[in-house]
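Trainee: Sharing a structure, written as structure tokens. Questions coming.
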Amino acid sequence: MMSIDTFSKKTGLSKSALRFYEEKGLLIPGRNEENGYRLYLEEQVDLARFINSLRLANVPLTEIKSYLSASEVKQRKIKQGWITSLEQQRDILDVQIKYIKSSIEDERIFLMEMKEERVLWVYAEGKQGGFSQYFIKGKEELEKQQISVQHFYLQYVSGRETVKAWIGFGVGQLDANTNITFFDKEESIRKSLCVATVFRGDFFKIEKAYQRLINYMSDNQYIPTGPLLERYSGNELNSATIVIPVMKWS
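Numbering (our numbering), first residue to last: 8 to 257.
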């Protein structure tokens with residue numbers, strides 16, 4: 008049995024840290040029956056170091072407590088969850104560092120978060136910058152069913168003179184009785200971190216904004232995790248945010 012002083016020196020943890028872990032129910036010492044002083048067992052040395060290691064790895068106290076009381080099978084699943092979470096944090100930091108390093112070169116490029124969204128798509132063909140009729144028609148079809156459009160999307164497929172594209176309508180949760188026969192498909196856009204730029208002006212020249220964003224991605228070694236999209240907010244069809252997902256968020 009060890010006193011808190013001896014245990015502190017052996018584990019390298021401060022006495023205040025040991026008291027804190029006790030308060031949180033993670034590391035419970037025995038008590039001297041005569042004076043009530045804390046007494047630690049030899050086998051608690053490794054446990055104390057393990058708890059502190061998890062804290063240094065930024066694992067929340069509540070999760071550590073759940074882990075310590077879990078079965079071996081459950082502990083493996085919990086550890087895998089921590090690994091996944093830390094890997095995602097590492098990926099976020101990588102994206103952020105790349106952006107900070109490169110933002111001096113072109114302040115027209117920025118990072119943005121895309122929320123998860125249900126999108127209805129209709130296939131379209133037309134001249135570059137000439138797809139407003141599809142946006143208007145799709146919105147009208149949805150308004151007939153009292154469905155509001157949160158965002159409009161355009162996903163380029165192919166062509167230059169005659170462009171083939173998917174036109175998307177971001178909507179909320181659809182009722183089971185919703186009639187979507189006007190649309191060709193539906194899908195959910197996952198929550199993601201994106202590299203983006205804004206385009207305003209003559210949409211026959213939007214290709215230059217596409218190229219600027221693609222060049223920025225290539226120069227800074229970003230890896231796309233989804234398709235390049237034009238995104239329009241509300242009824243503003245004269246200004247597009249061009250986005251490329253670079254990381255999916257769970």
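All residues carry an ideal CB built from backbone N, CA and C; glycine is no exception.
It should be emphasised that the depicted structure is a prediction, and the values quoted were computed from it without experimental measurement.
Can you list the beta strand (DSSP E) stretches of 3 or more residues lying completely in the segment 178-232, in chain order?
Mentor: Counting whole runs of 3 or more residues, the segment 178-232 contains the beta strand (DSSP E) stretches 192-196, 199-207.
Trainee: By how many angstroms is the C-alpha of I174 removed from the C-alpha of Y74?
Mentor: Locating residue 74 in the sequence shown gives position 67, counting from the first residue. Locating residue 174 in the sequence shown gives position 167, counting from the first residue. Taking the straight line joining both Cα atoms gives about 47 Å.
Trainee: Throw me the rounded Cβ distance for the I249 and M224 pair, which I believe falls under 8 Å.
Mentor: For this step, residue 249 is matched to residue 242 along the sequence shown. For this step, residue 224 is matched to residue 217 along the sequence shown. With 8 Å as the limit, I249 and M224 do not qualify as a contact, their Cβ atoms being about 11 Å apart.
Trainee: Would G145 and F176 qualify as a contact pair, given that the criterion is a beta-carbon distance under 9 Å?
Mentor: Along the sequence shown, one-based indexing puts residue 145 at 138. Along the sequence shown, one-based indexing puts residue 176 at 169. For G145 and F176, yes; Cβs fall inside 9 Å.
Trainee: Using a 10 Å radius around the Cβ and a threshold of 16 neighbouring Cβ atoms, would you call M119 buried or exposed?
Mentor: Here the question's residue 119 lines up with position 112 in the sequence shown. Result: exposed.
Trainee: Which residues in the same chain as K255 place their Cβ atom closer than 6 Å to its Cβ, once the five residues preceding and following it in sequence are excluded?
Mentor: Reading the sequence shown from its first residue, position 248 is the one you call residue 255. Contacts found: R197, S199, T232.
Trainee: Quick check on DSSP: helix, strand or coil for Y163?
Mentor: Within the sequence shown, numbered from 1, the residue matching residue 163 stands at position 156. Note: Y163 maps to strand in three-state DSSP.
Trainee: Pull up the CB-CB distance for E148 and F189, whole angstroms please, since I reckon it's below 8 Å.
Mentor: Locating residue 148 in the sequence shown gives position 141, counting from the first residue. Locating residue 189 in the sequence shown gives position 182, counting from the first residue. Right, the Cβ-Cβ distance comes to about 4 Å (below 8 Å), so this counts as a contact.
Trainee: Cβ of N65 within 9 Å of Cβ of A24?
Mentor: Here residue 65 refers to the residue found at position 58 when the sequence shown is read from its first residue. Here residue 24 refers to the residue found at position 17 when the sequence shown is read from its first residue. Not in contact: N65 and A24 (Cβ atoms no closer than 9 Å).
Trainee: By DSSP, does L63 sit in helix, in strand, or in coil?
Mentor: Reading the sequence shown from its first residue, position 56 is the one you call residue 63. If DSSP states are grouped into helix, strand and coil, L63 belongs with the helices.
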